[in-house]
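Numbering (my numbering), first residue to last: 6 to 224.
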């Protein structure tokens, strides 16, 4: 039952998201879209309540309860981020808004972006770990909690692995290729026409025709 509910919550998340964005940008029902999007956290509350009820009725703690905790942690950390990302694309595609900004790809901006994502993963692991620890205390010494402990370690390992990956972008920043947007060519002067760069000269250029006319006038 818990596994079926996890699948139903995932499907419900995307259905509510599609309905909310459709109501906002196709039907122009902004209040209705807000109500639909605010229903997203209700799915996690329902999953949490059903999982606790299942354990209360004597169900043996298993992998499905650990999976439910990981799912709730992920949606808490990345749910709003996913909604905001899709909202930007929907505004661009359906309402003629500007294209959403792409995440940085190079240098320290990329490192900060990866660090922010790791903090979300850390939040997801913390939420999942807290829920699993609550389940361990709830079951007590009368049941086998090895599966719950295993999922706690899984959450910690995922957060640690993501942290190492994010750290590599800080220690070894990815360099932009030559000529990529945002890079500058030292010692060049850019014309008004886009994409054209000419070497800067150190001596002022003279116009032979202008110099000849000035000579004749002075004569």
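For every residue, glycine included, the Cβ atom is placed at its ideal position computed from N, Cα and C. The structure displayed is predicted, hence computed values, not measured ones.
Nearest C-alpha to residue 30 among 181, 95 and 115: 95. Between residue 71 and residue 152 the beta-carbon gap is near 6 angstroms, inside 8 angstroms, which marks them as a contact. Here DSSP, grouped into helix, strand and coil, assigns residue 46 to helix. Three or more Cβ pairs closer than 8 angstroms define a contact, and the stretch 45–63 meets that threshold against the stretch 17–28. Short of 6 angstroms from the beta carbon of residue 118, and not among the five residues preceding or following it, lie these beta carbons of its own chain, in chain order: 108 and 109. By the CB criterion at 8 angstroms, residue 52 and residue 11 fall inside the cutoff.
The Cβ neighbour count for residue 86, taken over all protein chains shown within 10 Å, is under 16; the residue is labelled exposed.
The Cβ atoms of residue 57 and residue 41 lie no closer than 8 angstroms to each other.
Taken atom to atom, the span from the alpha-carbon of residue 170 to that of residue 104 is near 28 angstroms. About 6 angstroms separates the CB atoms of residue 83 and residue 125; that is less than 8 angstroms, so the two are in contact. Your pair residue 130 and residue 160 checks out as a contact, with CB atoms roughly 4 angstroms apart and the cut at 8 angstroms.
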